[in-house]
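Chains as they are written, first to last, in our numbering: chain A, 40 to 377; chain B, 40 to 377; chain C, 67 to 320; chain D, 67 to 320. Note that the Cβ used here is the ideal one computed from N, Cα and C, for glycine as well. Values in this document were obtained by computation on a predicted structure and should not be read as measured data. A short worksheet on the structure shown next.
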């Protein structure tokens, strides 16, 4: 298969499909076991310095922020991140010195809120290296290739661009159409956290609303930790099996973390906390501010429930719930009018 | 891209991805329109002699049998069928002279009920030609390649087999692992019928339970006719958009056909009608029997609702509903004990 | 000695082959009966998977089709064929059951045609999910009748790969490493495959049959394990479950 | 003359570019404001799609993220990124909005770095869904600020393909036929692309600006349509909808 072009980006997370099969056969247990544990334990057991990892959700939506704070608290180092649509997550992880390499589809930005001072400062000063570029669909399909047990998936994106030159993709001639086509190598992150609406003790997990790329990421991840708003009885899952997005045999740990996506949005349950986000965006303009934020919200608390108290507790969560249900209008501190 | 091996099967349904894009852009309207029509009209407008087609569902489950009877009634000829897990559908279509070519993953059998006399007789006597072999996953992924707008999808099935030699797939060397890999060409059937639990007048469709390959087939089909147990209000769909499997812009026609999967199973609503199936299996042992069956159940009725009366009407449908809900034990006339 | 029929014996032998905590891809008929029996005895946590999308159902009655509503009744997941086949391709499915009209010494299977492909003497259903299961699952268990027309030196059509032409051939073809046929269970005995040559090898003979019966009904040279055992016949509890609980209507076991 | 700001003008111009009954892939911010405005005026059946999975929502308030719950509120489908991107790859998405830090005469875009990639002077977010939208959707509409540092002869980094090096270059690279940049809307005017050369071409100048303003703020030679028109300013109804209905908090339009 003649290669017309080969990206120079670092090939992170790729496994020969036979190696991947061996991992899945040996490490993913088809035996249903009670996998409930504290997030502290899950981070200790399933994340290692130097790992390449990914997070479920999208941007500020349904991202396991609780896991991120816990990784910072435990002082993980030299992680490489699959920065698909990475926003507050990658920003705070870079700022805290946890992540020093990214494969980048989208980072260093906060969508409507503007650029991320901390992440961008690190990228420009060498604190974090972008070891490969990619696009959002590129990540999606790298995960899908892995989820399907394939070495690659073809795609018509990336072609003709520097995004391709700096990626790990390759261009070949499609033997059916004769046209150039981009092959995206499979991506098996060492670990992934996916935050869900509900799952049972074995890890059978359901997500409401868009699933983004989590069906594929769940199969691609070598180690998968589910954080969940609620652990429910197995029968609740079995009543609506067509709502299950992740079956138990992919899951290594189940951590019940209500509001675990805060300060992000959890569809149907709570909207993003723009006050908190604004605080970070303001503080992170300086290294001192970063330190102040981390001391206040990460190092000075033992776990996520203490953090929730700090950011406003039940009253704040009620407010975010009303915002989500459109019972209150959104006021964004960073917006131009009120 | 050096081809190590090339199947000799006929390449049915393949389109260059740019041709496929042009079709989708021009023929699939993003404008929501009321697409309700009779099944008679849908078959007249969207199926043509000589077409290559596929059916949603699986085996005897959630297959649009009503569409099949209507195609027979309208005397369609020389159709080629994507016989994925084709059972009663392909059997009766061959027997009626509608289908004369199949791309075959599974045909000529009735699963637990044994082989299909009519289809098998035709295959052995030349009444139907198998123009390509394939596997079930092979069909699934041919449809998925099309659904993704790709020329092919790679897979690790079919390798080393005569199934490959007689298919339209090709084997190349994977540029990442260096191992041989099978490329399945995209499959865009000229038309497809998919039977669903509910959809709105525009075609936004929801399916309960397993979706088999219908999410992909819906995007792959050049013309898509939805038959549905019920047409519901648009708001009913929009209340649970994460249940939508097929969005309106893929759909060419919406036909409300209650019990449209009879004599097959519609999950949650009615079980398969084994009495009727046994009647067909018995009659179809001879050409006279085939003619008798078709006269009785297809040609002598105007539409599917008349057929439903013939096969037992409300009383029969109630019985099948109770079977489905496990309120009655199944008695299969073809089973050894009673 | 208990009174039992050959289907019941095959169901019991197949059932005992399955381990607890593993995943098995099953078709309708004998496989689902065997897998359900295993769940009720030594393998309560056997994960049953159907190719059309049902994963881990609580099967209320025997499904007639691999996709009917019983195959995802109170399942952990009602997915799609893509999902299930992808999981198999990813190495997550331990066992699969297959049937066949012909088998050769390397466990290659024919379910497509008897006679030439273009004008078959007998047209069979084709691969179905057979090629997929035989390509992707770790260990395939073949359930079929044994006679000289079925156990042949050369297949009329190689639908589903066994060990192809012998050691290393699967891997050279690009098939997943470490996979292949594991057991062949017939009305006469149980066969496995020799590790070195990948040829079929007799492991045990069912009660009442002899080595001669096996040889007479095999159209190629079968390797014989030094100590061929006698298959353990169905136990009372197995037969009770089969007849009273799993298949009371005799849909499969007759 | 109405009083309006440049964001409002750009929203109105972008909105008018969209046709009814077409599908548009939108990002947050100006694109969603423009698309919503179009829905409320001339394009009630514009199908709005978000890359994270939301298809055809009834947007209750402006989403802050391309994936937040507003992007699939009472949608026709809450799908996945794979689903949406596959639909785009299949040719089902007519328009996409993109932003950029740099653009060149062929409409190629940079959203990755200013300066060298390994030690950037300014590190930008990267492709996000930009490369995907610019590769797969039929017509891309670029919304950005115009000045000599942004409208450049040569990009620091080609994140998202426009017409690459000119006629036929996209197709030679393997990109879908017939796709490419369609409009560039800035604070100064509206540009399109010359059919023969695929180079950027001035179509209209916003009220209050001159050809000289455009030239001074463009770092390459811009083709000029023979009759450059003046952009129609925002109409009263457009401004009312923007300010009172679509973005009352001024999250996007200020």
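Among the bridge pairs identified by DSSP, residue 120 (chain C) is matched with C:144.
Between the region 200–208 of chain B and the region 223–232 of chain C, the count of Cβ pairs shorter than 8 Å is three or higher; the stretches touch. Residue 230 (chain C) sits close to residue 174 (chain C), with the two beta carbons spaced by under 8 Å. The shortest CA-to-CA distance from residue 289 (chain C) to any of C:264, C:179, C:142, C:307 is the one to C:264. Flagged as an interface residue toward chain C: residue 159 (chain B), by a C-beta distance shorter than 8 Å. For residue 240 (chain B), there are no C-beta contacts with chain D under 7 Å, since the nearest C-beta of that chain is about 12 Å from it. Positions of the beta strand (DSSP E) runs, each at least 3 residues long and wholly inside the region 318–351 of chain B, cannot be given because no such run exists. Taking a beta-carbon distance threshold of 8 Å, residue 190 (chain A) does not count as an interface residue toward chain C. Short of 8 Å from the beta carbon of residue 254 (chain C), and not among the five residues preceding or following it, lie these beta carbons of its own chain, in chain order: 212, 271, 272, 275, 279, 280, 283.
Contacts with chain B at 8 Å (Cβ-Cβ) include residue 121 (chain D). Excluding sequence positions up to five before and after residue 248 (chain A), its CB lies within less than 7 Å of the CB of 306, 307, all in the same chain and listed in chain order. Take the alpha-carbon of residue 238 (chain C) and the one of residue 171 (chain C): they are about 19 Å apart. Collapsing the DSSP output to three states places residue 234 (chain A) in a strand. Residues of chain D with a Cβ closer than 7 Å to the Cβ of residue 287 (chain B) are, in chain order, 142.
By a beta-carbon distance limit of 8 Å, residue 146 (chain A) does not contact residue 182 (chain D). Their separation comes to about 18 Å. For residue 281 (chain B), the C-beta contacts it makes with chain D under 7 Å involve 144, in order along the chain.
In chain order, 130, 131, 133, 134 make up the part of chain D whose C-beta sits under 9 Å from the C-beta of residue 99 (chain A). For residue 100 (chain A), the pairing in a beta bridge is given by DSSP as A:97, A:304. Residue 218 (chain A) has a beta carbon lying within less than 8 Å of a beta carbon in chain D. Around the beta carbon of residue 214 (chain C), a 10 Å sphere encloses fewer than 16 other beta carbons of the protein chains shown; the residue is thus reported as exposed. Residue 143 (chain D) and residue 153 (chain D) have their alpha carbons spaced roughly 13 Å apart. Taking a cut-off of 8 Å for Cβ pairs, the region 239–255 of chain B and the region 183–191 of chain B touch, as three or more such pairs fall below it. Those residues of the region 72–92 of chain D placed with their C-beta closer than 8 Å to a C-beta in chain B are 86, 87, 88, 89, ordered along the chain. By the C-beta criterion, the region 243–257 of chain C is judged to be in contact with the region 72–83 of chain C, since at least 3 inter-stretch pairs fall below 8 Å. Listed in chain order, the positions of the region 178–211 of chain B with a beta carbon within less than 8 Å of a beta carbon of chain C are 179, 180, 183, 194, 195, 196, 197, 198, 199, 200, 201, 202, 205, 210. Contact annotation: in the region 136–161 of chain A, residues whose CB is within less than 7 Å of a CB in chain D are 143, 144, 145, 146, 147, 148, 150, 151, 159.
Straight through space, the alpha carbons of residue 168 (chain C) and residue 118 (chain C) are spaced by roughly 25 Å.
Shown here for residue 327 (chain A): not one same chain residue has a beta carbon closer than 8 Å to its own, the five before and five after excluded. Residue environment for residue 197 (chain D): buried (at least 16 other C-beta atoms within 10 angstroms of its C-beta). Under the 8 Å criterion on CB atoms, residue 214 (chain A) is classed as interfacial with respect to chain B. Pairing residue 316 (chain A) with residue 373 (chain A), the inter-Cα distance amounts to about 9 Å. When the Cα atoms are used, residue 169 (chain A) and residue 185 (chain D) turn out to be separated by approximately 10 Å.
Flagged as an interface residue toward chain C: residue 57 (chain A), by a C-beta distance shorter than 8 Å. Annotation: residue 332 (chain A) to residue 163 (chain A) spans about 21 Å, alpha carbon to alpha carbon. Just so you know, the alpha carbons of residue 342 (chain B) and residue 336 (chain B) end up roughly 10 Å apart.
DSSP places residue 244 (chain A) in the strand class (E or B) of the three-state scheme.
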